[in-house]
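In terms of the working numbering, the sequence shown has 187 at position 199, counting the first letter as 1, and numbering is strictly consecutive. Cβ coordinates follow ideal geometry from the N, Cα and C atoms, glycine included.
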Amino acid sequence: SGPLLTDSGGFQVYSLSELKEVTEDGIKFKSHLDGSEHFFTPEKVIEIQSVLGVDIAMQLDLFFPYPNEKVDARLSIERTINWAERSLARRDVHQKLFAIVQGGTYPDLRRECAQRLVDLDFDGYAIGGLGIGEPKEMTGEILVGTIEELPDDKIRYLMGIGYPEDIITAVAAGCDLFDCVLPTRNGRTGTGFTSRGKIMIRNSCYQNDRTPLDPDCPCKVCQKYSRAYLRHLFLSGEMLGPKLLTYHNLFYFSQLMSKIQDSITDGSFDPEKGVR
């Protein structure tokens, strides 16, 4: 198996916005399962990730979703940098620790946050808080400006971005690492990613389609099952359907990244043409 990375929970704070309270010390929130209260500090988050034994740990960060006021974006970087310093003081020397650049959709704040985090000398740098409602053109502009402030010799991790075309664009901008729920969430709900675009497997046009989900894919799902059969599994409520489509999607993205790496190595990488 490869390296294991865990997130710190900053995005989950956003998703639990009705159940949380954020202070300079950390984040107090209630469980959406049983209502129990929990208080996460930067130090506590590092300790949890240390106990888990992960290879790459993330600092606790704070962000505000788009659209946001500049005063809130300023708060996000000040608090994130403060928490970054506290995370470094408690870090596990056996783990890599990444900082997270915040700053909303304000390029000047993004650059400032990146510069100040680089001065703290983390093992790698993530770019968080993007791809959550802002126009793609804005995402690209912010991304390029932020990456210019990050060192070339450390991993640059773009969080939460998962569409194939967005990954290719981000790689061209200088990003190395990505995470997203897209392959698994879409797989569970019936959407497959293929070399020829997305397929909504529940659609009636696949009722009698005996071809593989992706004729160009060598994964075990595409080698064994037809689109018609996968559609049948979803319409019948069989849990095998989401499992198979999720497996295929993960395989697809793994192949996509391998192709990107190969094209960079042989000098043929061209974001305008995509990856084949």
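Worksheet item: Of all Cβ atoms in chain B, is any one closer than 8 Å to the Cβ of residue 212?
Response: Note that chain B does not occur in the displayed structure, where there is just one protein chain.
Discussion item. Please give the ranges of any beta strand (DSSP E) in the segment 34 to 79, keeping only runs that are unbroken, at least 3 residues long and fully inside the region.
Written reply: 44 to 46
Worksheet item: Got a sec, what are the start and stop residues for the alpha helix (DSSP H) residue 236 sits in?
Response: 228 to 254
Item to complete: For residue 240, collect the residues of the same chain with a Cβ closer than 6 Å to its Cβ; drop the 5 residues on either side in sequence, then sort them by chain order.
Response: 181
Discussion item. Out of 33, 210 and 255, which one is the CA nearest neighbour of residue 200?
Written reply: 210
Item to complete: Go through its chain and collect everything with a Cβ distance to residue 38's Cβ below 6 Å, but skip five positions before and after it.
Response: 80
Fill in: Nonlocal neighbours in the same chain, by C-beta distance under 8 Å from residue 43, ignoring five residues either side
-9, -8, -7, 83 and 84
Worksheet item: Can you tell which of 63, 8, 142 and 203 has the C-alpha that lies nearest to the C-alpha of residue 19?
Response: 8
Worksheet item: Of all the options 243, 233, 151 and 158, which has the alpha carbon lying nearest to the alpha carbon of residue 258?
Response: 158
Fill in: Continuous alpha helix (DSSP H) stretch holding residue 115: start and end
From DSSP, residue 115 is part of no alpha helix (DSSP H) but of the beta strand (DSSP E) over 112 to 115.
Worksheet item: Taking three-plus beta-carbon pairs below 8 Å as touching, is the segment 142 to 149 in contact with the segment 208 to 223?
Response: no
Discussion item. If you measure between the beta carbons of residue 216 and residue 190, is that distance less than 8 Å?
Written reply: no
Discussion item. Assuming the contact rule is C-beta atoms closer than 8 Å, residue 156 and residue 262 should be a hit. Round their C-beta distance to whole Å, please.
Written reply: 6 Å
Practice prompt. Would you tell me roughly how many angstroms separate the C-alpha atoms of residue 112 and residue 224, rounded to the nearest one?
Written response: 45 Å
Discussion item. If contacts are defined as beta-carbon pairs under 8 Å, then residue -2 and residue 116 qualify, I think. What distance do you get, rounded to the angstrom?
Written reply: 7 Å
Worksheet item: Do residue 49 and residue 3 come within 8 Å of each other at the CB atom, strictly closer than that value?
Response: no
Fill in: Distance between beta carbons of residue 137 and residue 106, contact taken as under 8 Å
7 Å
Practice prompt. Please say whether residue 110 and residue 87 have beta carbons closer to each other than 8 Å?
Written response: yes
Worksheet item: If residue 178 and residue 233 are in contact, beta carbons under 8 Å, what's the gap, nearest whole angstrom?
Response: 7 Å
Discussion item. Using a Cβ distance threshold of 8 Å, determine whether the segment 87 to 96 contacts the segment 60 to 74, with at least three qualifying pairs required.
Written reply: yes
Worksheet item: Going by Cα to Cα distance, which pick from 31, 102 and 242 is closest to residue 47?
Response: 31
Worksheet entry | Cβ pair residue 53, residue 119 closer than 8 Å | no
Worksheet item: Which residue's Cα is closest to the Cα of residue 140: 55, 51 and 161?
Response: 161
Worksheet item: Do you know offhand how far residue 69's Cα is from residue 102's?
Response: 10 Å
Discussion item. Just to confirm my understanding: we take residue 28, look at its own chain, exclude 5 residues before and 5 after, and list those with CB closer than 7 Å. What are they?
Written reply: -3, 14, 15 and 48
Practice prompt. Identify which residue in 246, 154 and 250 has its Cα closest to the Cα of residue 125.
Written response: 154
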